[in-house]
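Participant: Quick one: the structure is below, questions incoming.
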Amino acid sequence: MPGANGHSDTSKAGNTSAAPVTFLEAIKQAMFEEMERDPAVVLLGEDVGVYGGAFKTSEGLLERFGWERVIDTPISESAIIGAACGMSYVGLRPICEMQFIDFILCAFNQITNFVAKGHYLWNAPAPIVIRGPSGGGVHGGPFHSANPEMYFVHTPGLKVIYPSTPSDAKGLLKAAVRDNNPVLFFEHKFLYRRIKEELPAGDYTVPIGKAAVRREGKHLTILSYAAMMHTSLEAAEALAKEGIEAEVIDLRTLLPLDEETILKSVKKTNKVLVVHEDTKTGGIAGEIAAILCEKAFGDLDGPVLRVTSLDTPVPYSPPLEQYFLPNTQKVFTAAKELAAY
Amino acid sequence: MKKDLTRQQHLDLYYYMRLNRAVEDTMVKLFRQNKIVGGLYSSLGQEAISVGTAYALEKKDWLAPMIRNIGALLVKGVPPRDIFTQHMAKYTSPTLGKDGTSHFGDLDKLHIVSPISMLGDLIPVMAGVAIGGRYLGQKIVTMTWIGDGGSSTGVFHEGLNFAAVQKAPFVLILENNGWAYSTPVRRQVPLDNLADRAKAYGIQSYIVDGNDVAAVYSTSKEAVERARAGEGPILIEAKTFRRMGHAQHDAADYVPPEMREYWEKRDPIARFEKVLTEKKLLDAKSKKEIDTKLQTLLDAERDFAENSPMPPPDLAEKGVYCTGDDCHKIRPKWERPVSEVTPPRSSVKPVWVVEGFGQGKGTGGGIAPIHFGDTPASQEKSGTDEKPAPKSPAKSVVKKSAKVAAAVAGARKARR
């Protein structure tokens, strides 16, 4: 049942009607359309221009918008973020690409101390988007597989988005570009080419800070996001065969967290399992468990359980990585345990 | 290239240095009365740098001060009350009490970016403002300061290197005051001149006596106008001395007394007073007038700050995010046709053209190839001690092929 490398096989997921596009194509479309719409939107990052990005998410952008708007930078993540912030001060809306999201930590200080605090401290909003490929399951090893979202969820002033579908990716990225705050946008690279979906026609955005109910259910709630969303849905299908109806919620935005949707679901199912690919300690599951204790303790009929990666660096060798990552079987087992309460 | 200053320029530079010192003297008194919240950092003896550099900027230009650049803020038009209320953490301060010291800014009118305590972070930010301004066709120059200590941070290198490859209209003032807290400069950097750091980025640099305000101004003015003309970023090392400790709590006993005496004899205000007196631009009467003007101004500004309320406690949880339609007011101010940066005029052939070798394989139809290696000759001049800078920073590294060296070294020419 578990997909290769811990991830579900999502190649068949999504709408099969006319012209479905990949997650990667959705990202490209979002940037293209936003740059087409507003000349204040620019893109900067390593190899984003002539090469079109390490994953080709910016292919064709330089050709259309020119090098002043699609800037190949030196390998200097702090400079990329700092410069983007400065550009936003004269009214531009820069998108920064981290070639792999792991490298965002090279700019940690610039993001958390400079960009995130600007509006609170001196009324200087910095409408920049920082995006890049994240996540494991593709044998990228310890420095090309990270899920660093929680470093930033802990930083007031930032917004953190981690979508699971092509249509959300496009709509949320466009919303991020138009947002007046610094937005971090994580793109799970396992999903880049494995998942296709028909996108809504025309210009659309998906609201930041709103979760989506992916599957209705009454016995327990599974909260997840990004690649683990698909693993959770696959587990829910297997649970249904055993008479357990899981409600599956896609968080989509981690900061601000959509507490309303979570609390509403818990009121109905009274049981919560949180599934994420990030490591366990300090992951969003712990924060959600605390929120549920504070705000929904009376609604809970069982413990809040977590299925997450291990508290280790992401290992390289496939059997190690598979062992490290959550998978459908682990979600299925935890959900059955929870349902038995 | 140095032109004589006008009478008004002389008097302005003198007034702002006096104002800078008087503002800080007032704050020392407030500190001793326990009216300053937190630390107080002094620029005593370094006023010529803050004032002379900022005075070289135009109104539309941008600056980002460091902790000891109170003088630059005053020149840019910040009223002393803002500096007092910041240090006293009052509700009337520019940050409403959310931050102190020189940590405030004004994007809208004065074009000031707030510093943070992590040194060097402002360098890529101000490079970004410069690149953004150029993109909009604004012909602005941006300026920030860094100390001898801060010039060893990673982001100093990242920011200056990025500014250099982008040929950003950006001027960096490296204020070498000899001490990073208690560590002397020779324990920080194995160089006689910190201006030599510029060589690593292939940019122009100058060295100036930081206690000679006229020299600081003339050098800065030249640098600002060269940056504005498209010659790329410029580094100015201003040599000076930090006469007080790192902050008020620090007696700085680690400084040799002879060193302190040497620099006290070179006080920038006393020196410039001598110049003004010799040029008959200042006499006892006009000096007295300035004394009175400063006293009246600062008494009123200090009274305003002292009588200001502290912020309401629940302000602490407000303003983390920019929300609402009128929160973000900065709109791009285009001073070039937008059509230049939108298709079809913006479209280019996505191909690297490497001088001497031709081009790589492209994917699309061609309009304008992108060139490496068309560095204008003017970029290769250096102001540092009149010594020419190496023509190509990469030349010493890539000796085998001049073609490769030229291609690697060259920045893409700003095409507007």
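Heads up: the protein sequence lines correspond to chains B and U, in order. Here the first sequence stands for residues 26 to 366, numbered as in this note's numbering. Here the second sequence stands for residues 25 to 440, numbered as in this note's numbering. Glycine is no exception: its CB is placed at the ideal position from the N, C-alpha and C atoms. Note that the structure is predicted; figures quoted are calculated from it, not measured.
Using a C-beta cutoff of 8 Å, does R94/B count as contacting chain U?
Facilitator: It does; some Cβ of chain U falls within 8 Å.
Participant: In terms of residues, what are the limits of the beta strand (DSSP E) holding E379/B?
Facilitator: The displayed coordinates of chain B run from 26 to 366. Any statement about residue 379/B would go beyond what the structure contains.
Participant: Name the residue from V140/B, G78/B, P150/B, V329/B whose alpha carbon lies nearest to the alpha carbon of G348/U.
Facilitator: Nearest C-alpha to G348/U: P150/B.
Participant: Going along chain B in order, which residues have a C-beta closer than 7 Å to the C-beta of T366/U?
Facilitator: Result: P64.
Participant: Return the chain-ordered list of same chain residues with a C-beta closer than 8 Å to the C-beta of P417/U, the five sequence neighbours on each side being excluded.
Facilitator: For P417/U, the predicted model reports a pLDDT of 34, less than 50, meaning its position is unreliable; a value from the coordinates is still stated below. Same-chain partners within the cutoff: K223, A224, Y225, G226, A433.
Participant: Between A360/B and I247/B, how many whole angstroms is the CB-CB distance? I'm expecting something under 8 Å.
Facilitator: 7 Å between Cβ atoms; contact.
Participant: Keeping to the same chain, check which residues put their C-beta closer than 7 Å to that of I60/U; ignore five residues upstream and five downstream.
Facilitator: Cβ within range, chain order: M51, L54, H111, M112.
Participant: Ordered along the chain, which non-local residues of its own chain (more than five positions away) have a Cβ less than 8 Å from that of H273/U?
Facilitator: Around H273/U: G63.
Participant: Give the list of continuous beta strand (DSSP E) stretches no shorter than 3 residues that lie fully inside the segment 186-248 of chain U.
Facilitator: Qualifying beta strand (DSSP E) stretches, in chain order: 194-200, 228-233.
Participant: Leaving out five residues before and five after T47/B in sequence, what residues of the same chain have Cβ atoms less than 6 Å from its Cβ?
Facilitator: Excluding residues within five positions, the ones whose Cβ falls inside 6 Å are R218, K221.
Participant: Starting from G171/U, trace the beta strand (DSSP E) both ways and give me its first and last residue.
Facilitator: Note, G171/U: beta strand (DSSP E), 166-171.
Participant: Quick check on the DSSP output: the beta strand (DSSP E) that includes D303/B runs from which residue to which?
Facilitator: Where D303/B is concerned, the enclosing beta strand (DSSP E) stretches over 297-304.
Participant: For F349/B and E262/B, I'd like the C-alpha separation in whole angstroms.
Facilitator: Approximately 23 Å, taken between the alpha carbons.
Participant: Please compile the residues from chain U whose C-beta is within a distance smaller than 9 Å of the C-beta of T98/B.
Facilitator: Near T98/B (Cβ distances below 9 Å), the residues of chain U are F186, V189, Q190.
Participant: Compute the beta-carbon to beta-carbon distance between E102/B and F128/B, rounded to the nearest angstrom, for a pair I have assumed lies under 8 Å.
Facilitator: Confirmed, Cβ separation roughly 5 Å.
Participant: Quick one: what does DSSP say K405/U is sitting in, helix, strand or coil?
Facilitator: Note on K405/U: pLDDT 36, under 50, position unreliable in the model; the coordinate value appears next. In this structure, K405/U counts as coil in the three-state DSSP scheme.
Participant: Please classify Y159/U as buried or exposed, where buried requires at least 16 neighbouring CB atoms within 10 angstroms.
Facilitator: Burial call: buried.
Participant: Taking Cβ to Cβ, would you say P118/U is nearer than 8 Å to L321/U?
Facilitator: No; because the gap between Cβ atoms is not below 8 Å, this pair is not in contact.
Participant: Within the same chain, show all residues whose beta-carbon is closer than 6 Å to that of D106/U, passing over the 5 residues directly before and after it, in chain order.
Facilitator: Excluding sequence neighbours, D106/U sits near P118.
Participant: Under 8 Å between C-beta atoms, does K133/U make it to chain B?
Facilitator: Chain B, which has no Cβ nearer than 8 Å to the Cβ of K133/U, makes this no.
Participant: Three or more beta-carbon pairs under 8 Å between the segment 27-38 of chain U and the segment 183-202 of chain U, yes or no?
Facilitator: Contact between the segment 27-38 of chain U and the segment 183-202 of chain U is absent, because fewer than three Cβ pairs lie under 8 Å.
Participant: With C121/B as the anchor, note down where its beta strand (DSSP E) starts and where it stops.
Facilitator: Per DSSP, C121/B belongs to the beta strand (DSSP E) from 118-122.
Participant: Could you confirm whether any beta carbon from chain B is found closer than 8 Å to the beta carbon of P361/U?
Facilitator: Chain B contact via Cβ: absent.
Participant: Out of curiosity, what's the CA-to-CA distance linking D97/B and G78/B?
Facilitator: Going from the Cα of D97/B to the Cα of G78/B covers about 9 Å.
Participant: I want to verify the contact list: residues of chain B whose CB lies under 7 Å from the CB of E182/U, in sequence order.
Facilitator: Residues of chain B passing the Cβ test: S101, S103, A104.
Participant: Apart from the five residues just before and just after L345/B, which ones in its own chain have a Cβ nearer than 7 Å to its Cβ?
Facilitator: Around L345/B: no qualifying Cβ.
Participant: Quick check: is the beta carbon of Y145/B nearer than 8 Å to any beta carbon in chain U?
Facilitator: Yes, its Cβ sits closer than 8 Å to a Cβ of chain U.
Participant: I need the straight-line Cα distance from L197/B to L279/B, nearest angstrom please.
Facilitator: Whole-angstrom Cα-Cα distance: 13 Å.
Participant: Assuming A46/U contacts L318/U (C-beta within less than 8 Å), just tell me the rounded distance between them.
Facilitator: With a Cβ gap of about 5 Å, A46/U and L318/U count as contacting.
Participant: Report yes if the CB atom of A200/B is closer than 8 Å to the CB atom of V231/B, and no otherwise.
Facilitator: Contact flag set, yes.
Participant: At which residue ranges does the segment 121-169 of chain U contain complete alpha helix (DSSP H) runs of 4 or more residues, listed in the order of the chain?
Facilitator: You should have 146-159.
Participant: To test your reading of the DSSP string, which unbroken alpha helix (DSSP H) runs of 4 or more residues are found completely within the segment 68-106 of chain U?
Facilitator: Counting whole runs of 4 or more residues, the segment 68-106 of chain U contains the alpha helix (DSSP H) stretches 71-78, 94-100.
Participant: Hey, out of C121/B, A226/B, K293/B, K214/B, whose CA is closest to V163/B's CA?
Facilitator: Residue K214/B is the option with its Cα nearest to V163/B.
Participant: Do T366/U and P281/B count as a contact pair if the criterion is CB distance below 8 Å?
Facilitator: No.
Participant: Look at the alpha carbon of P208/U and the alpha carbon of L146/U, and state the distance between them as a whole number of angstroms.
Facilitator: Cα-Cα distance, rounded: 23 Å.
Participant: Can you list the residues of chain A that P343/B reaches, using a CB-CB cut of under 9 Å?
Facilitator: In the structure shown, chain A cannot be found, because the protein chains are B and U.
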